[in-house]
Ligand code: SAM
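Numbering (the UniProt record's numbering), first residue to last: 1 to 286.
Next comes the structure, spelled out in structure tokens:
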């Protein structure tokens with residue numbers, strides 16, 4: 001929602017985040033959603049879809065590093081990776097830093113987000129479009145996982161919130177579809193909102209995971225853009241050992257990967273699974 005040189009995020013009843021806008025860089029309606037990109041003095045370029053903040057150039061590294069490096073380094077032998085959503089391609093950029101990944105398939109419903117991000121987010125995603133391992137499919141992610149014959153080591157769901165085209169990515173049918181296309185011992189991670197404000201979303205996803213996967217949990221990261229405290233990232237796997245990798249194993253893998261990060265460290269990786277009590281209770285409720 002725009003009001004002169006201000007944009008307001010209208011995600012939560014009772015509170016609103018208001019950004020000052022130095023410049024509107026792009027504004028359009030795609031087949032699926034409203035897109036707006038504007039410049040803010042703190043967050044840099046801010047992308048909103050249907051009035052909800054998706055990504056900013058200032059803090060995208062936190063979310064993308066934690067969604068990509070945690071499952072890939074916990075797995076240790078990921079070759080085939082699937083991203084659902086992720087139109088800004090920041091997640092693909094982090095994942096492709098792992099040389100062991102042979103193919104990274106991204107299934108995004110809205111080609112307008114990818115095309116627009118290629119132009120406006122080149123500062124963090126340019127390498128993706130030059131990488132032969134990147135395979136972009138424009139389709140609904142829920143449909144893709146239900147129909148594909150391919151199998152993946154790691155699946156990352158970089159979705160919008162559970163509304164509009166993203167709603168289907170929070171359903172038990174979708175999580176079952178992901179389970180069906182994970183290789184044995186593979187891992188699913190999901191963006192599950194900010195529990196202080198969106199507890200129901202976390203409880204619901206974990207409740208679905210726990211009926212399908214042997215291990216259903218969450219980990220956290222503090223991302224200024226996703227206002228309200230910790231963001232919860234969902235974790236589901238049939239291999240419970242993956243989320244308890246010893247620190248020395250994570251350190252060896254991280255060093256071998258030779259990746260520069262600004263938020264992720266093996267210590268942060270381990271600590272991210274130490275949930276504050278109210279979040280642990282929400283996970284237990286699921
Ligand atoms: N990091 C962001 C967050 O936490 O809010 C998510 C950013 S990313 C831009 C979300 C992407 O999911 C969008 O590009 C949107 O088009 C895509 N998306 C929404 N529903 C989808 C679906 N059913 N299948 C595939 N992609 C979908």
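Yeah, the Cβ is synthetic: ideal placement off N, Cα and C, and Gly gets one too. All of these numbers come straight from a predicted model, not from anything done at the bench.
{"Item": "Inter-residue Cα distance where the pair is residue 273 and residue 242", "Value": "12 Å"}
{"Item": "DSSP state of residue 240 mapped onto helix, strand, coil", "Value": "helix"}
{"Item": "Closest Cα partner of residue 181 within the set 105, 194, 286, 88", "Value": "105"}
{"Item": "Residue 31 Cβ short of 7 Å to the ligand SAM heavy atom set", "Value": "no"}
{"Item": "Residue 5, enclosing beta strand (DSSP E) - first and last residue", "Value": "No beta strand (DSSP E) contains residue 5, which DSSP labels as neither H nor E."}
{"Item": "Selection from 284, 131, 52, 268 that minimises the alpha carbon distance to residue 226", "Value": "52"}
{"Item": "Three-state class that DSSP yields for residue 278 in the structure shown", "Value": "helix"}
{"Item": "Span of the beta strand (DSSP E) around residue 55", "Value": "52-56"}
{"Item": "Beta-carbon proximity of residue 124 to residue 90, cut-off 8 Å", "Value": "yes"}
{"Item": "Nearest candidate by alpha-carbon position, reference residue 191, set 146, 264, 67", "Value": "67"}
{"Item": "DSSP state of residue 130 mapped onto helix, strand, coil", "Value": "helix"}
{"Item": "Under the three-state DSSP convention, the category residue 30 falls into", "Value": "coil"}
{"Item": "For residue 201, three-class secondary structure by DSSP", "Value": "helix"}
{"Item": "Continuous beta strand (DSSP E) assignments of at least 3 residues falling wholly in the segment 53-126", "Value": "80-85, 103-108"}
{"Item": "Strand pairing of residue 46, partner residues [DSSP]", "Value": "38, 56"}
{"Item": "Assigned exposure category for residue 278 - 16 Cβ within 10 Å defines buried", "Value": "exposed"}
{"Item": "Segment contact flag, the segment 81-99 with the segment 250-263, C-beta cutoff 8 Å, min 3 pairs", "Value": "yes"}
{"Item": "Where residue 227 sits in the DSSP three-state scheme", "Value": "coil"}
{"Item": "Three-state secondary structure assigned by DSSP to residue 22", "Value": "coil"}
{"Item": "Check whether residue 108 and residue 86 have beta carbons under 8 Å apart", "Value": "yes"}
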